[in-house]
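Numbering (the numbering used here), first residue to last: 2 to 79.
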């Protein structure tokens, strides 16, 4: 389930959850810029109690990448 992850993205980027999917990223969400990416990273790390390294953060291109990173850290309920 991706509801919690989508809620975080919706709140940080000020976009309705209905407009978020795995392919959503800077090209499809207007508020997704470099600053908000780091706010988003912080919120996700805090919520899921994980810490992403620099290489992982450089991989992020869309919501699907967040899911893959969370799975790498053992998170399955996102």
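We put the beta carbon where it would ideally sit given N, CA and C, even for glycine. Since the model is a prediction, treat every value here as computed from it, not as a measurement.
Under the three-state DSSP convention, the category residue i falls into
i: residue 43; result: helix
i: residue 48; result: helix
i: residue 2; result: Residue confidence is low: residue 2 scores 48 on pLDDT, short of 50, so the model does not pin down where it sits. Its coordinate-derived value is still stated next. If DSSP states are grouped into helix, strand and coil, residue 2 belongs with coil.
Other residues of its chain near residue i: CB distance less than 8 Å, five sequence neighbours each side excluded
i: residue 48; result: 5, 9
i: residue 54; result: none
Residue i burial status per 10 Å Cβ neighbour count (16 or more: buried)
i: residue 67; result: buried
i: residue 25; result: buried
i: residue 71; result: buried
Cβ shell of residue i (< 7 Å), same chain only, five flanking positions each side left out
i: residue 58; result: 42
i: residue 7; result: 18, 21
i: residue 62; result: 26
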